[in-house]
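One structure is given below, encoded as structure tokens.
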Amino acid sequence: VLLGAGSTITMALPKSYLGYDPNVPEYVLDLEKAEEECKQAWGGELWEKGMYLTITYNTGNTSRQTVAEILADNLEFINPKFTIETRGVQWSQFLDERGNKKLPVSIIGWVPDFADPDNFIHIFYASSGYYASQNGYVNAEIDALDAQARVNPDTAARADLYSQIGNIAYEDAPYILLPQGVPLLVMSDKVQGVYNNPNLSGGYLWKDIS
């Protein structure tokens with residue numbers, strides 16, 4: 001998907017942010033382990049009866065479409081009784097259906113509203129966060145840690161709290177974390193004032209350029 005220009009992440013937080021912990025374990029592609037887990041689901045009924053599942057992405061986003069197709073292919077490979085549909089829908093419909101918990105699996109991303117780890121950790125992991133609430137994800141221990149981190153002015157303490165959240169989330173696995181893209185900004189050496197700002201989602205401020 002990223003043509004090699006990507007980097008795996010351990011938690012739903014960019015690596016450049018306070019609190020990102022590279023020591024949180026990572027899941028890797030392991031179809032044998034996936035088969036083992038699927039065989040245990042619902043006391044073995046999932047494996048024996050099969051399933052039909054729809055993975056949704058917003059139409060026109062070819063990267064998310066490819067992710068959905070890879071996931072579908074892998075699931076169908078481990079069990080021919082699994083029928084996985086990938087479906088592209090218009091953005092407005094995607095947001096509406098996701099917000100109303102009508103999408104069992106969807107491919108999504110996040111651009112921060114402000115440069116603080118709270119705008120990722122709370123969004124993805126706290127039960128009242130934007131994505132966690134849409135997914136129905138609730139972990140009381142994470143909620144308590146998140147509440148502490150939101151009001152603690154000590155950066156070291158906050159980093160430790162976010163590390164704890166990352167490790168708990170690893171055990172719960174509420175998301176399949178996709179690799180973080182490596183931004184490429186190509187510019188003539190005659191141009192001054194251009195720099196990579198991850199909060200601008202690959203853009204830059206024209207007022208700084210000469």
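If you read the sequence shown in the working numbering, its first letter stands for residue 1, the second for the next number, and so on.
We put the CB at the ideal spot given by N, CA and C, even for glycine.
Inspect the CB distances between the segment 6-22 and the segment 165-181 and report whether three or more fall short of 8 angstroms.
yes
Sorted by chain position, which residues of the same chain lie with C-beta nearer than 7 angstroms to residue 71's C-beta, five sequence neighbours on each side aside?
55
If you draw a straight line from the alpha carbon of residue 183 to that of residue 196, how long is it in whole angstroms?
8 angstroms
Please list the segments of the alpha helix (DSSP H) lying wholly inside the segment 116-175, counting only runs of 4 or more residues, in order along the chain.
118-125, 130-135, 140-151, 155-172
Given 8 angstroms as the limit, is there contact between the segment 39-59 and the segment 19-29, that is, 3 or more CB pairs closer than that?
no
Out of 7, 103, 124, which one is the CA nearest neighbour of residue 112?
124
Can you tell which of 45, 31, 20 has its C-alpha closest to the C-alpha of residue 73?
31
Taking three-plus beta-carbon pairs below 8 angstroms as touching, is the segment 129-140 in contact with the segment 150-161?
no
For the segment 40-105, which segments carrying the alpha helix (DSSP H) assignment without a break, of at least 4 residues, lie completely within its bounds, in sequence order?
45-49, 62-78, 91-99
Give every residue of the same chain whose Cβ lies closer than 8 angstroms to the Cβ of residue 44, excluding the five residues on either side of it in the sequence, and list them in chain order.
none
Is it the case that the segment 86-96 contacts the segment 53-67, given that we only count it when at least three CB pairs across the two stretches are under 8 angstroms?
yes
Quick check: the Cα distance between residue 189 and residue 6, rounded to an integer number of angstroms?
25 angstroms
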